[in-house]
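In my numbering, the protein residues as written are 1 to 158. Virtual Cβ for every residue (Gly too), placed ideally from N, Cα, C. Step one of this worksheet: look at the structure below.
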C-alpha cells in the first residue's frame, strides 16, 4: 500500500514538472508574439541569481535567463532548478506606460557594475521583503544596452 502511494506521488511530481515546462514554453511564445516591439532586444543564456528576502524566509536560486527588453519593460524568462523551475517576470519601469506588458511588477532600483546588473523589486505577495535579480558575466555591449535603457527610468543605487 505505501509503495503504491509513493509511486503515485513520484508519477504526479513528474507529470507536474512536464506540465509546468510545457506551460512555460507556451506562455513564452505568447509573450514573444504579443509583447515584442519593433525595437525590442533579446538576450539569451545569461547566468544569474535570484535572492528573495521575505523577512524570516530567505531564498537563493541560481538561474539561466533569457531576456526580452522593450522600451517600457523587461521580460525575464528564468530557467532554474527550484521546485517551480520556470518563471516569467515582467519588470516595468513606470506605471504610466503599460503597453505590451503582462503581469507587471514595478522595478524599484537597479545597480550596474563592470560585468553584472542587479534589479530590485517588491512583488505583491511579499509584504515585508524584496527580490533581487542579478545578471552576471555580461559583455560590455550588454552592459551598455542596460545603461542606455535604464537611464532615468528607475532609481539607481550604488
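- Residue ranges of uninterrupted beta strand (DSSP E) with 3 or more members, entirely inside the stretch 33-78 and ordered along the chain, are 41-54 and 57-69.
- For residue 90, the enclosing beta strand (DSSP E) starts and ends at 86-92.
- Looking only at 26, 120, 71 and 49, the smallest Cα-Cα distance to residue 62 is reached by 49.
- In this chain, residue 138 is not harboured by any alpha helix (DSSP H), its DSSP state being neither H nor E.
- Taking C-alpha positions only, residue 90 is separated from residue 139 by approximately 22 Å.
- DSSP, reduced to helix, strand and coil, places residue 23 within a helical segment of the structure shown.
- Taking the C-beta atoms as reference points, residue 46 is found nearer than 8 Å to residue 67.
- Contact between residue 76 and residue 65 holds, since their C-beta atoms are separated by about 6 Å, short of 8 Å.
- Contact between residue 119 and residue 132 holds: their C-beta atoms lie close to 7 Å from each other, under 8 Å.
- In the three-state reduction of the DSSP assignment, residue 111 falls in the strand class.
- In the three-state DSSP reduction, residue 103 falls in the coil class, being neither helix nor strand.
- A check of alpha carbon separations from residue 34 across 15, 56 and 70 identifies 70 as the nearest.
- Counting the other CB atoms within 10 Å of its CB gives residue 26 a total below 16, which places it among the exposed residues.
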